[in-house]
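Take 1278 as the starting number for the sequence shown in the numbering used here and just add one per residue.
For glycine and all other residues, C-beta sits at the position ideal for the given N, C-alpha and C.
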Amino acid sequence: MACSIEDKYGREITNLRFSLTQTCNLNCIYCHNEGENGDECNLITQEEVIEAVKLGTRYGIKKVKLSGGEPLLRPDLTEIIQKISPHLNDVSLTTNAILLPQKIDELCEAGLDRVNISLDTLNPETYRELTGGDLKKALKGIEAAEQSKLFPVKINTVILDNINTNEIQDFINYAKNNDIILQLIEYHDTNTLKNQKNYSQYHYNLDPIEKTLTKKADKIKTRKMHHRKKYYIKNAEIEVVRPMHNTEFCENCTRLRVTSCGEFKPCLMREDNHVPFNGNMEKSLLKAINQRKPYF
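Right, dumping it as structure tokens:
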């Protein structure tokens, strides 16, 4: 029987987030690369992912999120999902959705439960400037997710100063009309070189947005995960994610990350406490949990 495990600050660990690759088919100017600096390394193997998941379930891990880079570029993604899903309550994927129409059926059959799709503008020209990609392909991917068995479908929208702050209502309308949960995410500095360069240019304080949402909301809930607030406005569901300088965000964190290089990463914001697998994954897992420390 699985037993739960807590770090030194009394925070229970319930989910793992894997970066399966650093490779991506877009080049988003704001991407935090899951806190990785892009250093070359031996890519985490399918066997290591499966071992980490099975080990995690012995310590109460119930959920896994697969990310990247772009995880749909990983050729064995479907096989990974197929092998880990029987051990978990929830398997989700973070993607830019460009390749989703071709992959959606096999992912659902393998056991994928839900998907988070990165979408930071509804303007084709702005999308091209932000990502180098084609908005139509992303929207087709979202449409494919909506029509599949995946539920819920969420959109991750990073709010960028002077770029998409004028699109908030457009996103709310889009989410409402397509039965999608909208996540408005504060742009944050993960201490990687790319993010440090862009943080001061693009960071936007979400206070004005939250004040407006509070006035308009029919109902407001607070999630246990990171103490995020959810606003319900005329059948639209909007979640606000604010990691920067937020003690409640860290205080309520239940996640342990795994890098594409096969290391446990106790905190997205830190590069100095990674724990390599080193042949004894259980020892590494327990060490990583012991090294978890609130950043704020």
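Assign residue i to one of three DSSP states: helix, strand, or coil.
i	result
residue 1339	coil
residue 1317	coil
residue 1450	helix
residue 1432	strand
residue 1331	helix
residue 1439	coil
What do you reckon, are the CB atoms on residue i and residue j nearer than 9 Å?
i	j	result
residue 1432	residue 1393	yes
residue 1579	residue 1507	With the chain running from 1278 to 1573 in the structure shown, residue 1579 is simply not present.
residue 1524	residue 1573	yes
residue 1545	residue 1311	yes
residue 1403	residue 1305	no
residue 1538	residue 1316	yes
residue 1526	residue 1551	no
residue 1355	residue 1320	no
residue 1421	residue 1349	no
residue 1505	residue 1483	no
residue 1514	residue 1314	no
residue 1455	residue 1423	yes
Out of the options, point me to the one whose CA is closest to residue i's CA.
i	options	result
residue 1542	1371, 1287, 1293	1293
residue 1490	1476, 1479, 1517, 1419	1517
residue 1359	1570, 1388, 1333	1388
residue 1386	1287, 1361, 1463, 1446	1361
residue 1330	1558, 1571, 1565	1558
residue 1308	1384, 1345, 1528, 1532	1345
residue 1296	1540, 1564, 1375	1540
Every unbroken beta strand (DSSP E) inside the region 1457–1529 [3 residues or more]: 1458–1463, 1496–1499, 1506–1510, 1513–1518
Do the region 1312–1328 and the region 1278–1291 make contact, defined as three or more Cβ pairs closer than 8 Å? no
Starting from the N-terminal side, write out each stretch of the alpha helix (DSSP H) that is 4 residues or longer and does not extend beyond the region 1350–1414. 1354–1361, 1377–1387, 1401–1408
Mind the definition here: the region 1441–1457 touches the region 1396–1408 only if three or more C-beta pairs lie below 8 Å; say whether that holds. yes
Three or more C-beta pairs below 8 Å linking the region 1360–1371 and the region 1408–1415: no
Entirely enclosed beta strand (DSSP E) segments - the region 1530–1564, minimum 3 residues: 1532–1535, 1540–1542
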